Amino acid sequence: MKRVVLLGSPVAHSLSPVIQNAAFQVSGLDWCYEAIETEAEELEPALDRMRAEAWPGANVTLPLKETVVPLLDVLDPSAVEVSAVNTIVNDGGRLVGHNTDSLGFVRDLRAHWQVPADGVAVILGAGGAARAVASGLARQGLEIVLIARSPERARVLAEDLRRTHAAKVGVLPWIGASFAQIPEHCVLVVNATPLGMAPADQDTPWPPEVPLPPGAVVYDLVYTPKETRFQQYARQSGLQSMPGGGMLLEQGALSYERWTGRRAPRRQMRAALHRALERLHA
Ligand code: NDP
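Here the sequence shown stands for residues 18 to 299, where the numbers follow the working numbering.
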């Protein structure tokens, strides 16, 4: 049996094994997908093992998506664009880094919302997922405003976006006043922090006393609970909001396609994800 692994920490809560194992099963592949708790210092030995044991591929999750970049042999253009890797393909011992988060996010967003040709997208956070989201939105031609807790991480991301996409990017500090200062032509607010994720589901990235920009839509990368506090606030404010499950599914389907060279069985993957989420919310 061939192994595909998820490397990161924490990974116990991840639904990627459910989605990928369902896909391997319906495709008749004798493959299994396994989450391996991996700290930064354990990453290089895990990659050596991947080469030695000929694992076809891996996913990389927080907090290792940027750490893994210099440890790989080659980067696919999708990873160069984002400077972060969430998918590794083992090409005969040569480890190739890809990023399917960015396209996965954009595809899911476009499936639910007609992305306008211009306007401002506000992204909360400046980590690996924020990088993928920002890159995808800059590619759509949107102006980006980052609100992030670590000013240095936000500054580096903003510079990368200006260099790679010639994007217009602003950075605001993680203080209440920043949320009240959002430009009027804001069309989208994306939560790319873990705030609101179960079990800490009473947390929210958006200060409850600050109104959301009228006319914007909200996308929360967090997908447990079913409706996050942030999404609930958007709904109560009369705004459309989208949960992160769609991105999870699409980035996973794209990873599957990179590893296997086959079209992903999205319908069955979606059904497996849906069942797992229902069990979690029961
Ligand atoms: P990272 O650890 O790389 O980045 C997290 C970001 O959130 C950083 O900017 C971090 O700030 C910020 N942050 C964390 N805690 C707080 C806090 N208490 N207050 C303010 N800012 C905070 O993680 P990822 O970018 O990989 O993932 C972020 C979230 O997105 C996770 O919940 C992850 O599960 C989800 N995700 C969902 C996907 C999907 O398919 N739906 C795909 C990828 C991720 P700092 O740098 O200061 O620590």
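Glycine included, each C-beta is placed from N, C-alpha and C at the ideal position.
The structure presented is a predicted model; accordingly, all values stated were derived computationally and were not measured.
- Taken from the Cβ of Arg287, every heavy atom of the ligand NDP lies 6 Å or farther away.
- Distance between Asp220 and Glu51, taken at the CA atoms: about 29 Å.
- In this structure, Asn208 keeps its C-beta atom at 7 Å or more from the C-beta atom of Leu159.
- Within the chosen limit of 6 Å, the ligand NDP does not reach the beta carbon of Thr55 with any heavy atom.
- Cβ-Cβ distances below 8 Å link Leu120 to Ser95, Gly153, Glu267, Gln268 and Leu271 in the same chain, with the five nearest sequence neighbours on each side left out; the list follows chain order.
- Excluding residues up to 5 positions away in sequence, Ala151, Ser152, Ala155, Ile161, Ala184 and Val186 lie with their Cβ nearer than 8 Å to the Cβ of Leu178 in the same chain.
- Separation of Ala39 and Met286 (C-alpha to C-alpha, rounded to the nearest whole angstrom) is 6 Å.
- Burial state of Val77 is buried, judged by a 10 Å Cβ sphere holding 16 or more other Cβ atoms.
- With a cutoff of 7 Å on beta-carbon distance, Asp90 and Leu112 are scored as near each other.
- Shown here for Val227: same chain residues with a beta carbon closer than 6 Å to its own, the five before and five after excluded, namely Phe196 and Ala197 in chain order.
- Ranked by Cα distance from Arg20, the options Arg68, Ala146 and Glu58 are led by Arg68.
- When the beta-carbon positions are compared, Met259 and Phe122 stay at least 7 Å from each other.
- Residue state for Ser258 is assigned as strand, using DSSP reduced to three classes.
- Distance from the CA atom of Arg252 to the CA atom of Tyr236, rounded to whole angstroms, is 12 Å.
- In its chain, beyond the 5 residues on either side, Asp220, Thr221, Val239, Thr245, Arg246 and Phe247 have a beta carbon closer than 6 Å to the beta carbon of Gly213.
- The closest CA to that of Arg127, considering only Gln157, Leu32, Ile140 and Val106, is found on Gln157.
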